[in-house]
Amino acid sequence: MPKPPKKEPAKKMAARHKSKHETILGKHPTGNNFGNFTSYSDVITAKGVTHRELSLPDANVNTAVQELRLALIQHHASAEMIARDNKKIASLQNLGYTFDDANVQRFPTHSDTQKGNLTEVFLAEYICASSEAELPVYRLRHNPNVEQSMKGDDVLAFDFRGQKPRIIIGEAKFRGTPSKVAVEEIINGLNSSYQGGLPASLQFVADRLYESGNNVLADQVESCALHMTNGNLDLNYVGILLSNQNSANPINTHADSNIRELVMISLAVSKPIDLVNACFNGIEEEAHGNP
């Protein structure tokens, strides 16, 4: 009687290798997550830099503006800040004055600052949506002069879920027309942070958390300095260029860096300046409930 055939052991499915795009940024957001209004393509540039190309279709601009306006309000003013402003506005209106007479301002009116802030906010929200890292402090709320760009790291996002703490350092640039110079400025900014080691704004973030009473998270953030000296801290770097429909081209041609844990992002918008205007027009009144 013939022997029954031996059972072959079940073949294990090979683990899917994550690209550097996904290792640092995660998968492109879907569903109701921020950034789902863009399409994407993950590529490697001519000089070997990891690059995620994002594009905002004209059909999705209105959706993007709605989400970006909400994010801009969140990043620039807390509910408590708005409540204090509204109390002042109401008192003056009772005396016959207008909203403008109250002289409250939480958002920039200078075009260059609006462009920079919009790009920074997009980058912060995209990183958090795709990587599930956390943005513990909205730094633009602490800008002493809303009309000027704020010093320090554009984005510091933290991920404490793994064996090692991870910090994502972001550099954001807006340009009406993309260029090699813009790409070099982004790379140089990230290179400076990389060479400096610990992010320059780390203590700023920890201090703001302590001030707000979030001591547990503040301790985690502050302890990153010790983790770095022990070689137990991962630092990732992300740069973004928001520009017109050609925004990906100079990154693909010119982006060059020795930073291994780096991803560049391009965001292509057919009319980038119109996007900025749509995001900021009337936002002061909207944030304050159109008093």
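Under UniProt numbering, the first residue of the sequence shown carries the number 1, and numbering increases by one thereafter.
All residues carry an ideal CB built from backbone N, CA and C; glycine is no exception.
Take LYS115, set aside five residues on each side of it, and the residues of its chain with a beta-carbon closer than 6 Å to its own are PHE174 and VAL276, in chain order.
With respect to the 8 Å criterion, GLN105 and GLU222 are not classified as neighbours on the basis of their beta carbons. In the structure shown, the three-state DSSP call for VAL263 is strand. Judged by DSSP in its simplified three-state form, ASN32 adopts coil rather than helix or strand. Within the same chain, and ignoring the five residues on either side of ALA102 in sequence, the residues whose Cβ sits closer than 6 Å to its Cβ are LYS88, ILE89 and LEU92. The region 117-131 makes no contact with the region 188-207, as fewer than three CB pairs between them are under 8 Å. Cβ neighbours of LYS18 within its own chain (closer than 7 Å, five residues either side excluded): none.
By the neighbour-count criterion, in which 16 or more other beta carbons inside 10 Å mark a residue as buried, ARG208 falls on the buried side.
Rounded to the nearest angstrom, the gap between the Cα atoms of VAL269 and ASP58 is 8 Å. Inside the region 202-285, DSSP marks whole alpha helix (DSSP H) runs of 4 or more residues at positions 202-211, 215-222, 224-229, 248-254 and 272-280, from first to last along the chain.
CA-to-CA, the gap between GLU147 and SER179 works out to about 25 Å. Note on LEU95: under 16 other CB atoms within 10 angstroms of its CB, so exposed under the neighbour-count rule. At the C-beta level, HIS21 and VAL238 stay beyond 8 Å of one another. Cβ-Cβ distances below 7 Å link VAL49 to ALA255, ASP256, SER257, LEU262 and MET264 in the same chain, with the five nearest sequence neighbours on each side left out; the list follows chain order. Judged by pairs of C-beta atoms under 8 Å, the region 116-125 touches the region 60-76, as three or more such pairs exist. In the three-state scheme derived from DSSP, where H, G and I count as helix and E and B as strand, THR109 is classed as coil. Cβ contact annotation for PRO144 (same chain, cutoff 7 Å, sequence separation greater than five): none. In the structure shown, LEU68 falls within a helical segment according to DSSP collapsed to helix, strand and coil. Annotation: the continuous beta strand (DSSP E) that includes LYS173 extends over 166-174. Scanning its chain for C-beta atoms nearer than 7 Å, with the 5 sequence neighbours on each side dropped, one finds around SER55 the residues THR38, SER39 and ALA268, in chain order. According to the DSSP assignment, VAL181 belongs to no beta strand (DSSP E) but to the alpha helix (DSSP H) extending over 180-196.
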